[in-house]
Structures are given as C-alpha cells and as structure tokens.
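For reference, the structure discussed in these notes is given below.
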Amino acid sequence: MNANQNKQVKKQVIYDGNCNLCVNLVKVLEKIDQGFQFEYAPMQNQVTLEQLGITAVDYNMGMILIDPNPPQTQWQGSAAAEEIGRLLPLGNAFVTAYRLIPGVKWLGDRTYEQVRDNRYQLFGKRDQTYYSGYAIGCQNISNSPKPQ
Numbered sequence: 142m143n144a145n146q147n148k149q150v151k152k153q154v155i156y157d158g159n160c161n162l163c164v165n166l167v168k169v170l171e172k173i174d175q176g177f178q179f180e181y182a183p184m185q186n187q188v189t190l191e192q193l194g195i196t197a198v199d200y201n202m203g204m205i206l207i208d209p210n211p212p213q214t215q216w217q218g219s220a221a222a223e224e225i226g227r228l229l230p231l232g233n234a235f236v237t238a239y240r241l242i243p244g245v246k247w248l249g250d251r252t253y254e255q256v257r258d259n260r261y262q263l264f265g266k267r268d269q270t271y272y273s274g275y276a277i278g279c280q281n282i283s284n285s286p287k288p289q
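Note that our numbering has the sequence shown beginning at 142, numbered continuously upward.
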C-alpha cells in the first residue's frame, strides 16, 4: 500500500456562507484547526455540493459535516456541531458532558433549530458569500469567488 492509499481525507464542513454567525464560527474553526482536520464549502457553492451529492433540501436543514473516509459518515445540524466540537482540542470532554446532562442536549437541539431558521434575522446576512481559504478539494484559495 502506498502513502496515498493510507492518507485520511479531511472532514468536510458545509456552512451558510451568507450567514454572519455561520461565517464567524467557520473563521474561529479555521483559526483553531488551520486546515488540519477540516475543509469547507459554503452551501452557495453549487458545483461542490453537486459533487458531494448534497441537495437544497439537505443544506436547508442546517450545517453538514461529512467524513468521507470509509465508511463515509454524515452529520447534520446540531449533531454536526457536536461532532466538530468533539474533534477539537478538549472538545470531547465538553461534548460528552453536554450529551450526558439531562435536558441539555434537547435544549441545544431546539436552540440550534431556532437559530438555523432565524439566522438572518438574528445575526444578519452578508452581501458577499464567504469562501474559506481551506476549501474542499483545494490547497489554498483567496476569499473571493473565482472569475467567470
């Protein structure tokens, strides 16, 4: 087996690139992770979403985290946020406690749904879609859409 066959592919985060809250959280995650575990695509990037088999119905239900390594696994909404948190330094202990304390996970799930459904009203909508420097399938890109 060569080195490329054994290489783990990064987890893929699909986020709303027009949502101020979503973009700011992605920027925090980028600073913490620096492209080590995660790569990103805004849900407005239809080409990438089509390549990943993600539909409008899928991404309208909240952020998506995909682990493309066999067996491929996908999390959505608050479950995706929990899994991302679990993978961050010291995050596993926090997420475990969050899941174990009675009622906290239920409350977190409901809060996620409310924020997801009202994100533009609560946090505003960006004029331009944010494209991560750690884009899915790319080594590095600028924070602007490619010229057409």
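Idealized CB from N, CA, C, for every residue including glycine.
Alpha carbon to alpha carbon, how far is residue j from residue i? Give it in angstroms, no decimals.
| i | j | result |
| --- | --- | --- |
| I207 | Q262 | 28 Å |
| R257 | Q149 | 30 Å |
| G249 | I242 | 11 Å |
| V236 | T252 | 16 Å |
| M204 | A238 | 22 Å |
| D268 | N161 | 10 Å |
| N145 | T270 | Per-residue confidence for N145 stands at a pLDDT of 48, beneath the threshold of 50, marking its modelled position as unreliable; the derived number appears in the next sentence. Each residue's Cα considered, the two are about 33 Å apart. |
| P212 | E224 | 16 Å |
Report the residue from the options whose alpha carbon sits nearest the alpha carbon of residue i.
| i | options | result |
| --- | --- | --- |
| Q187 | F179, V154, T196 | T196 |
| E254 | G158, M184, M202 | M202 |
| W247 | C279, P230, G218 | G218 |
| A356 | G244, V167, N259 | Since the first residue shown for the chain is 142 and the last is 289, residue 356 is missing from the structure and cannot be characterised. |
Give every residue of the same chain whose Cβ lies closer than 7 Å to the Cβ of residue i, excluding the five residues on either side of it in the sequence, and list them in chain order.
| i | result |
| --- | --- |
| K151 | Q178, F179, E180 |
Please classify residue i: is it buried, with 16 or more other beta-carbons within 10 angstroms of its beta-carbon, or exposed?
| i | result |
| --- | --- |
| L170 | buried |
Among residues of its own chain, excluding the 5 on either side of residue i, which ones have a beta-carbon nearer than 6 Å to its beta-carbon?
| i | result |
| --- | --- |
| D157 | C163, M184 |
Flag this pair as yes or no: are the beta carbons of residue i and residue j separated by less than 8 Å?
| i | j | result |
| --- | --- | --- |
| Y200 | L193 | no |
| Q175 | I277 | no |
| L229 | I173 | yes |
Can you list, in chain order, the residues of its chain whose CB lies under 8 Å from that of residue i, leaving out five sequence neighbours each side?
| i | result |
| --- | --- |
| T214 | I207, D208 |
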